[in-house]
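Working notes, beginning with the structure itself.
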Amino acid sequence: MTESNPHEQVTVTDKRRIDPETGEVRDIPLGDMPGGSEPAGLTDQSVDTTDTTVDKVAELTSDLQRVQADFANYRKRALRDQQAAADRAKATVISQLLGVLDDLDWARKHGDLDSGPLKSVADKLMSALTGLGLVAFGAEGEDFDPGLHEAVQHEGDGGEGSKPVIGDVLRNGYKLGEQVLRHALVGVVDTVASDGSETVVTDDAGQVDPDGNAIPQVNKAQNQGN
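Anchor point for the sequence shown: position 129 equals 135 in the working numbering, and the numbering is continuous, going up by one each time.
Shown next as structure tokens:
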């Protein structure tokens, strides 16, 4: 019987999964697992699991990007609809004041706004509306545009070489931004180009009262006869 060497070093290997001191799970090398070798088929299974995880992450990423794009489009539509609603409300309020502007224009033509408190009120009102984007249009000599002007009188035969222009502005037109709130009420006359390339008006247009009703014109021949 051989006596053991008293100086031989004894090695103790603790293969417990739970560390008794820290309580944490230990990482045991595959070679230290029971059997001493890596289980058959474990490598292929790990590769398949990794591929499945990558595909799932790509699918979820695509879904997230699609949801983000849908939300961005919804936000743009909501802001656009909100702005359109605000513009419609502003246009409705300003349209109700156009009659007041007509009365002020009529008073201005008769000299009632040359001075006094009414002039100050008219200037402040027009300044406020202009600040909101209101623009008046329609001036004598401008080309007639059916998209902006409403002709209530037309003087001339419309012959070859003639061009319809505004001969008289009976009531101003107004725009709010690109939106036409009201067409200008105008008298249209046909013009022809003279030898000097100047435009010659063939006749005069009439006028209207504050309500926009045309004032009948006195026949020129009758005036000359009288």
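Backbone N, C-alpha and C define an ideal beta-carbon position, used for all residues, glycine too. In this text, all values refer to a predicted model and were calculated from it rather than measured experimentally.
The three-state secondary structure of Phe143, taken from DSSP, is strand. Residue range Gly179 to Leu182 is occupied by the beta strand (DSSP E) that includes Gly179, with no alpha helix (DSSP H) assigned at that position. About 7 Å separates the Cβ atoms of Leu103 and Leu135, confirming a contact at the 8 Å cut-off. Assigned with DSSP and collapsed to three states, Thr55 falls in helix. Boundaries of the alpha helix (DSSP H) harbouring Leu104: Leu104 to Lys115, taken from the DSSP string. Segment contact: the stretch 122-137 against the stretch 93-112, three or more CB-CB distances shorter than 8 Å; contact assigned. Less than 7 Å separates the beta-carbon of Leu176 from that of Leu191. Distances from the CA of Glu184 to each of Leu138, Asn79, Lys115 and Asp120 were compared; the closest alpha carbon is that of Leu138.
For Thr197 and Lys96, the gap between their C-alpha atoms comes out near 39 Å.
Between Val127 and Glu148, the beta carbon gap of about 29 Å keeps them out of contact (Cβ cut-off 8 Å). Taking the C-beta atoms as reference points, Gly144 is found nearer than 7 Å to Asn178.
Annotated three-state conformation of Gly173 is strand, per DSSP. An exposed status is given to Leu70, since fewer than 16 other beta-carbon atoms sit within 10 Å of its beta-carbon.
Comparing alpha-carbon positions, the option among Gly173, Leu124 and Ala75 lying closest to Glu146 turns out to be Gly173.
Following the DSSP letters along the chain, one finds Leu154 in no alpha helix (DSSP H), marked with neither H nor E.
The C-alpha of Ala78 is placed about 10 Å away from the C-alpha of Arg72.
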